[in-house]
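S.K.: Residue numbers (the working numbering): 89 to 181.
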């Protein structure tokens, strides 16, 4: 909640009222400043940029993990086939 604006919190608080008569109506919601601000908000907001960075980091980590799993699998196959000595010999060459 620390990154949520006061205007957004006010809107949400107005919607989370138990008594229906005290709760904000749909027409009032459409007139709320936070909803009106959403129409004017430019593309490339901080949240969008942060999301893109997080996605990029996730994809790089995923690719790295896939490579590590491939190496582990290949080493297991070499050991299982009894080809460890041959693999060591090829590494030295």
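Cβ atoms here follow ideal geometry from the backbone N, Cα and C, with glycine treated the same way.
Distance check for residue 166 and residue 172, CA to CA, integer angstroms please.
M.R.: Here residue 172 corresponds to residue number 84 of the chain shown, with the count starting at 1. Here residue 166 corresponds to residue number 78 of the chain shown, with the count starting at 1. Approximately 6 Å, taken between the alpha carbons.
S.K.: What does the alpha-carbon distance come out to for the pair residue 155 and residue 148?
M.R.: Residue mapping note: residue 155 aligns to position 67 of the chain shown, counting from 1. Residue mapping note: residue 148 aligns to position 60 of the chain shown, counting from 1. If you take the alpha carbons of residue 155 and residue 148, they lie about 11 Å apart.
S.K.: Work out the CA separation of residue 160 and residue 104 for me, nearest whole Å.
M.R.: Here residue 104 corresponds to residue number 16 of the chain shown, with the count starting at 1. Here residue 160 corresponds to residue number 72 of the chain shown, with the count starting at 1. Using only the alpha carbons, I get a separation of about 52 Å.
S.K.: Going straight from the alpha carbon of residue 97 to that of residue 164, what length do you get?
M.R.: Mapped onto the chain shown, residue 97 falls at position 9. Mapped onto the chain shown, residue 164 falls at position 76. Straight-line Cα distance between these residues: approximately 54 Å.
S.K.: Only counting the same chain, and skipping five residues up and downstream in sequence, which positions put a Cβ closer than 8 Å to that of residue 125?
M.R.: Taking the chain shown and counting its residues from 1, one reaches residue 125 at position 37. So the qualifying residues of the chain are 95.
S.K.: Residue 95 lies in the alpha helix (DSSP H); which residues open and close that run?
M.R.: As a first step, residue 95 is located in the chain shown; it is residue number 7 there, counting from the start. Segment 94-103, the alpha helix (DSSP H) holding residue 95.
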